[in-house]
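Under the numbering used here, residues 9 to 158 are what the sequence shown spells out, in order.
Backbone N, C-alpha and C define an ideal beta-carbon position, used for all residues, glycine too.
Values in this document were obtained by computation on a predicted structure and should not be read as measured data.
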Amino acid sequence: MMEAIRVGTEGMRNKEGGPFGCVIVKDDEIIGKGCNQVLTTKDPTSHAEVVAIRDACKNLDSFQLDGCELYTSCEPCPMCLGAIYWARPAKVYYACLKEDAAAAGFDDSFIYTEIEKTLEQRKIPMFGISRRQATFMFEEWIDNNDKTLY
9 MMEAIRVGTE GMRNKEGGPF GCVIVKDDEI IGKGCNQVLT TKDPTSHAEV
59 VAIRDACKNL DSFQLDGCEL YTSCEPCPMC LGAIYWARPA KVYYACLKED
109 AAAAGFDDSF IYTEIEKTLE QRKIPMFGIS RRQATFMFEE WIDNNDKTLY
């Protein structure tokens, strides 16, 4: 955990992004790390956990984190939580709480609120279009006997 905190502090001080760091460990060895890089990459998805997951998966040559532990300096936001579930590490450890992040100006509670709303009630308008033209992709996926499930 101390390395996640160090990475996050260093990234923040280097003005890469907010005060967040993450490391991923397998067999007692750090195999991936990342700090929040939203400012330097101009990418709102460059949160510490996502950066660390990408690094670890690249180093493992895998799209999953089987047998890994994720250490993050703060309780994951909804996007990072989704990424963590897709990556499937064995365990997640966090230091600060989402309330600590909110007190520092990183309040993700509005996302939880938006998820619960109907599409019509959300602040960003969302419209389903071209479903009939797109469903063939799922049919092709279902029929593909040479696919890798994940």
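If you reduce the DSSP assignment to three classes, tell me which class alanine 103 lands in.
In the sequence shown, the residue the question calls residue 103 occupies position 95. DSSP places alanine 103 in strand when its eight states are reduced to three.
Contact defined as beta carbons within less than 8 Å: I believe valine 33 pairs with alanine 60. What is the distance between those atoms, to the nearest angstrom?
Your numbering for residue 33 matches position 25 in the sequence shown. Your numbering for residue 60 matches position 52 in the sequence shown. Not really, about 10 Å apart at Cβ, beyond 8 Å.
Locate the beta strand (DSSP E) running through leucine 157, then write down its first and last residues.
In the sequence shown, counting from the first residue as 1, residue 157 sits at position 149. That residue, leucine 157, is in no beta strand (DSSP E); it is neither H nor E in DSSP.
Along the chain, which unbroken stretches of the alpha helix (DSSP H) at least 4 residues long are found entirely within the segment 58 to 112?
Segments of the alpha helix (DSSP H) lying fully in the segment 58 to 112: 86 to 95 and 106 to 111.
Please report the Cβ distance between valine 208 and glycine 26, rounded to the nearest whole angstrom; I am assuming they are in contact, meaning their Cβ atoms lie under 8 Å.
Beyond the ends of the chain as shown, which are 9 and 158, falls residue 208; an answer cannot be given.
Can you confirm whether the segment 80 to 93 touches the segment 50 to 58 when touching is taken to mean that 3 or more C-beta pairs between the two stretches lie within less than 8 Å?
Yes, they touch.
Report the three-state DSSP secondary structure of glycine 16 (helix, strand or coil).
Numbered from its first residue, the sequence shown carries residue 16 at position 8. It is helical.
What is the rounded straight-line gap between the Cα of isoleucine 150 and the Cα of tryptophan 94?
Along the sequence shown, read from residue 1 onward, the residue named residue 150 stands at position 142. Along the sequence shown, read from residue 1 onward, the residue named residue 94 stands at position 86. Between isoleucine 150 and tryptophan 94, the C-alpha separation is close to 20 Å.
Please report the straight-line C-alpha distance between threonine 17 and glutamate 128, rounded to a whole angstrom.
Taking the first residue of the sequence shown as position 1, residue 17 is located at position 9. Taking the first residue of the sequence shown as position 1, residue 128 is located at position 120. The straight-line gap from Cα to Cα measures roughly 40 Å.
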